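Asks: I am attaching a structure below and will ask some questions about it afterwards.
Number of protein chains: 2
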Amino acid sequence: MEKMNKLKVLRTKDADFEEEFKKILFRREEVSAEIEKLVKDILRDVKKRGDQALFEYTEKFDQTKLDSVSAVVSGEEIEKAYDKVSKQEIDALRLAAARIEKFHQKKINQITIKGEKGEYLAEIVSPLNKVGLYVPGGKAAYPSSVLMSAIPARVAGVKEIVMVSPTVSPHVLAAAKIAGVSHIYRIGGAQAIAALTYGTESIEGVDKIVGPGNIYVETAKRLVYGEVGLDMVAGPSEVVVIADNSGVPSFAAADLLAQAEHDEDARPILITLTEYFLQEAYKEIISQLGDLARKGIAERSIEKQGAIILACDINEATELANRIAPEHLVLMVDKPDKALKKINCAGAVFLGNYTPVTVGDYMAGPSHILPTAGTARFFSPLGVEDFVKRMSVISFSKESLKDIENEVRRLALLEGFDAHAKAVEKRTKF
Amino acid sequence: MEKMNKLKVLRTKDADFEEEFKKILFRREEVSAEIEKLVKDILRDVKKRGDQALFEYTEKFDQTKLDSVSAVVSGEEIEKAYDKVSKQEIDALRLAAARIEKFHQKKINQITIKGEKGEYLAEIVSPLNKVGLYVPGGKAAYPSSVLMSAIPARVAGVKEIVMVSPTVSPHVLAAAKIAGVSHIYRIGGAQAIAALTYGTESIEGVDKIVGPGNIYVETAKRLVYGEVGLDMVAGPSEVVVIADNSGVPSFAAADLLAQAEHDEDARPILITLTEYFLQEAYKEIISQLGDLARKGIAERSIEKQGAIILACDINEATELANRIAPEHLVLMVDKPDKALKKINCAGAVFLGNYTPVTVGDYMAGPSHILPTAGTARFFSPLGVEDFVKRMSVISFSKESLKDIENEVRRLALLEGFDAHAKAVEKRTKF
């Protein structure tokens, strides 16, 4: 490994490559015992004392005094906020909303299998009743994230979409109105996760909580797993750009910097197939960095987390990308459709020179809430699937039951469950 | 509420009904701090020391001395086990396997949306690479559960299905062979979850772990959430039987007792629409109880967790069932298809007089690994969906990017991300 002025550079041919690459394979770190204890206490306290505890923690952590009335964002306040947002911005939000809605209008297959003699099996898919949308406060309160989580829920048919956020900007409220959010509460942090999980006097509990938050929120979500449904666990934003010489170095650099400006833990990684592209992209990164409004953040991300990897060929490059399982993957290569076939683990894939990650962040249609930190190995982008549940249906007639009676009883008895076998016999001998 | 000799009886018309019903609404209890600490230490230790720690814990908790060779169940051992199982039992397992496979051969929709000017969006569904199947040891090592978890994984296309179990009976091994399990290891407990999550020298880490276990296993699973994929959180088995006078009291009683024989925390609940059925079913429960091989366990379950509820009509009955969100729901009513339409939350529903839960446990087709403890509000039966992941694909041309350029840039700037906006500009101005 060498270190150019700003970025780590790895070449797959180097002897220490595997060792250095493993350092790039970011996996989640353990949460400190203190944070976990603090969060656990908050969860337990809100579960026990409801509103009172919720409002105490809100005052303590968010410096906001709330009661059961002021915790609710009123319809009037939402309308006022909406009117404050410029027409151009509303139009942009509406265009994004329409595209997100269109992409998520998929049909989820239901099953009906009719057997002989009146037997049938089915699987029924139905929307969740109530979901909670966590929207981070402060600068991380993004109207785009409201659209990207609430619209798939609405399309899935969820009746009640409850949004919580410690600070609500006019843009966030306008997005919530456009997306069809049912209720909005001015709460955040671990205490908001507790309220959504257990319910309080003011806030009804939900069936599932989605949306990313800070370390306290993510820890709280992990702790309530199984008491309430959850989406994926969120981490810092990541991008891997694979580029051959058909790619444009300035485009690759721009995508890496767009990730880098998120926060200093964001991870921008470029995999190139030629030394030429490596050098050109590096120069572009340094040069474009100078022009950025969030230069400081982007620079720290590039220096701390960034890397350029020189791979031998597209097979090696895609193999490395699969091992990273990145949130965003840009295939800036000659035949992106062909390269896509080699990709097995990624949140969202962006093809060719003219698909910046930005277009997926705001407008393309698929949700930008994507698995991070290598979890694309098993988590999927947020989608309508996250807002439905399946239910199995089994129906036998006396005749069809008799047909399989012996085998069912045999397996039940083999496992030592004689009452299970008798529940069949009672019927067939009736 | 009254208490008949053995069971709690609730009538919805009673003044204290709501209060008593809430006690029935079982929700998960908090795991003790000691168990959590113990499990956390095991996870950390196996992550750090690999095989050495894994084998030490196996010796300590399972009284089994293992090394990297003896931890693996060999192909030869599997064949021998298979040959030991009677032909009739193999036939029964094979029939179950064939039915489970047929039910799970569903198509999961993939999306492709072609836009104008070369734009397109897609969603690709692909199988997980490696999954781990947890199979409890001792008496809870059920061959049926091996079929019910491994077959959906195989149908989904998972390449490597790794099974772990602290004790492997010939029946379990025969089921694993029939189901197409790739590797079997003789390990269990929290240390097995650690090994599957982090990998050790002998055991490769997997992408997702499914299958129920004891409190240590379930705690370990909860703690690794997000480092590895997980299925639902498992709890004691439950059944709700809704019966009107078209139902047969002895069938209802038999289904309740079949749940009750699982373990003393199992929850058998009957909702009847008439006093007549209530009394008849009660008599049947008491009378059938006497004949059971596992009478002691079933009796304790009935006494501790059982209940009969008298509801006014089918609407009230189904509403109560939805609030319980049971793992198994039997609709032993006049028009079960009509009643089914009112059911919103349940794992699996069994229609009419001739569909005992037993048939779903062993043979019907849908997996018997189902959400418990009210989690059917948001979890689904184990299915092929649990063994695939989705990946979004976005592809724009220069022209299609130009069409939405202004809106994308506006939203990026509104959120303060100027590098995001520049990544678009670089391309449209190129």
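So the sequence lines, in the order shown, correspond to chains A and B. Numbered per our numbering, the first sequence spans residues 7 to 436. Numbered per our numbering, the second sequence spans residues 7 to 436. All residues carry an ideal CB built from backbone N, CA and C; glycine is no exception. Note that the structure is predicted; figures quoted are calculated from it, not measured.
Can you give the beta carbon distance from Lys244/B to Gln265/B, rounded, assuming they're within the 8 Å contact cut?
Replies: The displayed chain sequence assigns Glu, not Lys, to residue 244/B. Indeed they touch by this definition, with Cβ atoms about 7 Å apart.
Asks: Anything in chain A within Cβ reach of Gln94/B, meaning under 9 Å, just list it in chain order.
Replies: Under the 9 Å cutoff, chain A gives Asn412, Glu413, Arg416.
Asks: Quick one: which chain B residues come within Cβ less than 7 Å of His511/A?
Replies: In this structure chain A extends from 7 to 436, so residue 511/A is not present and cannot be described.
Asks: Please confirm if Leu44/A has its CB atom under 9 Å from at least one CB of chain B.
Replies: Not an interface residue.
Asks: In three-state terms, what does DSSP make of Arg192/B?
Replies: If DSSP states are grouped into helix, strand and coil, Arg192/B belongs with coil.
Asks: Taking 9 Å as the CB-CB limit, is Asp367/A close to chain B?
Replies: Judged by the 9 Å Cβ criterion, Asp367/A is in contact with chain B.
Asks: Measuring CB to CB, does Ala382/A end up less than 9 Å from Ala323/A?
Replies: Cβ atoms of Ala382/A and Ala323/A: not closer than 9 Å.
Asks: Can you pull the chain B neighbours of Arg300/A, defined as C-beta to C-beta under 8 Å?
Replies: Residues of chain B passing the Cβ test: Gly422, Phe423, Asp424, Ala425.
Asks: Phe402/B versus chain A: which residues are under 9 Å apart at the beta carbon?
Replies: Under the 9 Å cutoff, chain A gives Phe356, Leu357, Gly358, Tyr360, Thr361, Pro362, Val365, Ala370.
Asks: Would you mind giving the Cβ-Cβ distance between Ala272/A and Gln311/A, rounded to the nearest angstrom? I have them listed as a contact below 8 Å.
Replies: Contact flag correct, Cβ pair sits at about 7 Å.
Asks: What three-state label does DSSP hand Gly144/A in the structure shown?
Replies: Three-state result, Gly144/A: helix.
Asks: CB-CB under 8 Å to Thr434/A, same chain, minus the five flanking residues each way: which ones, in chain order?
Replies: Cβ within range, chain order: Lys404, Leu407, Lys408, Glu411.
Asks: What does Leu407/B touch in chain A if you count any residue whose Cβ is under 8 Å from its own?
Replies: Those within 8 Å of Leu407/B in chain A are Tyr360, Thr361, Pro362, Val365.
Asks: Tell me, to the nearest whole angstrom, how far the beta carbon of Val137/B is from that of Val216/B; I am working on the premise that it is less than 8 Å.
Replies: With 8 Å as the limit, Val137/B and Val216/B qualify as a contact, their Cβ atoms being about 6 Å apart.
Asks: So what's Ile209/A in DSSP terms, helix, strand or just coil?
Replies: DSSP places Ile209/A in coil when its eight states are reduced to three.
Asks: According to DSSP, simplified to helix, strand and coil, what is Tyr126/B?
Replies: DSSP places Tyr126/B in strand when its eight states are reduced to three.
Asks: What ranges does the alpha helix (DSSP H) occupy inside the region 222 to 277 of chain A, keeping only unbroken runs of at least 4 residues that lie completely in it?
Replies: Entirely contained in the region 222 to 277 of chain A, the alpha helix (DSSP H) runs reaching 4 residues are, in chain order, 255 to 266.
Asks: What are the residues of the region 284 to 308 of chain B that lie near chain A, defined by any Cβ-Cβ distance shorter than 8 Å?
Replies: So the list reads Gln294, Asp297, Leu298, Ala299, Arg300, Ala304, given in the order they occur along the chain.
Asks: Please report the Cβ distance between Ala162/B and Val187/B, rounded to the nearest whole angstrom; I am assuming they are in contact, meaning their Cβ atoms lie under 8 Å.
Replies: The Cβ separation is near 14 Å, so there is no contact.
Asks: Please report whether the beta-carbon of Ser256/B lies at a distance below 9 Å from any beta-carbon of chain A.
Replies: Judged by the 9 Å Cβ criterion, Ser256/B is in contact with chain A.
Asks: Mapping DSSP to helix, strand and coil, what is Ile215/B?
Replies: In this structure, Ile215/B counts as strand in the three-state DSSP scheme.
Asks: To be precise: take each residue of the region 92 to 118 of chain A, compare its Cβ to all Cβ atoms of chain B, and keep it if any distance is under 8 Å. Which residues remain?
Replies: Taking 8 Å as the Cβ-Cβ cut-off against chain B, the residues of the region 92 to 118 of chain A that qualify are Gln94, Glu95, Asp97, Ala98, Leu99, Leu101, Ala102, Lys108, Phe109, Lys112, Lys113, Ile114, Asn115, Ile117.
Asks: So Gly389/B contacts chain A; which residues on that side make the cut at Cβ distance below 7 Å?
Replies: Neighbours of Gly389/B on chain A, chain order: Arg396.
Asks: Can you check which of these residues, Asp250/B, Glu129/B, Glu207/B, Leu229/B, is closest to Glu281/B by C-alpha distance?
Replies: Checked all of Asp250/B, Glu129/B, Glu207/B, Leu229/B; the closest Cα to Glu281/B is Asp250/B.
Asks: Would you call the CB atoms of Val247/A and Leu357/A closer than 9 Å?
Replies: Going by C-beta atoms, Val247/A is not nearer than 9 Å to Leu357/A.
Asks: Of the residues that make up the region 148 to 174 of chain A, which ones have a beta carbon closer than 8 Å to any beta carbon in chain B?
Replies: For the region 148 to 174 of chain A, which is checked against every Cβ of chain B, the residues closer than 8 Å are Tyr148, Pro149, Ser150.
Asks: With 9 Å set as the bound, which would you pick, yes or no: does the beta-carbon of Lys432/B sit closer than that to a beta-carbon of chain A?
Replies: For Lys432/B, the answer is yes, since a Cβ of chain A falls inside 9 Å of its Cβ.
Asks: Quick one: what does DSSP say Ile400/B is sitting in, helix, strand or coil?
Replies: Correct three-state label for Ile400/B: strand.
Asks: If Asn115/B sits next to Lys112/A, beta carbons under 8 Å apart, how far is it from one beta carbon to the other, in whole angstroms?
Replies: The Cβ separation is near 6 Å, so the contact holds.
Asks: State the start and end residues of the unbroken beta strand (DSSP E) segment that holds Thr118/B.
Replies: Run containing Thr118/B: 117 to 120, per the beta strand (DSSP E) assignment.
Asks: Is the beta carbon of Val414/A closer than 9 Å to that of Met338/B?
Replies: No, the Cβ-Cβ distance between Met338/B and Val414/A is not below 9 Å.
Asks: Can you give the Cα-Cα distance for Ala4/A and Ile117/A, rounded to whole angstroms?
Replies: Nothing about residue 4/A can be read from this structure; chain A reaches only from 7 to 436.
Asks: Would you kindly work out how many angstroms separate the C-alpha atoms of Ile278/B and Cys318/B, rounded to a whole number?
Replies: For the sequence presented, residue 278/B should be read as Thr rather than Ile. Approximately 9 Å between the Cα atoms of the pair.
Asks: Let me make sure I understand the geometry here. Which of Val78/A, Thr206/A, Leu346/A, Gly253/A has the alpha-carbon closest to that of Ala59/A?
Replies: Nearest C-alpha to Ala59/A: Thr206/A.
Asks: Short of 7 Å in beta carbon distance, which residues of its chain neighbour Glu267/A, apart from the five on each side in sequence? Order them along the chain.
Replies: Hits under 7 Å: Leu298, Arg300, Ile303, Ala304.
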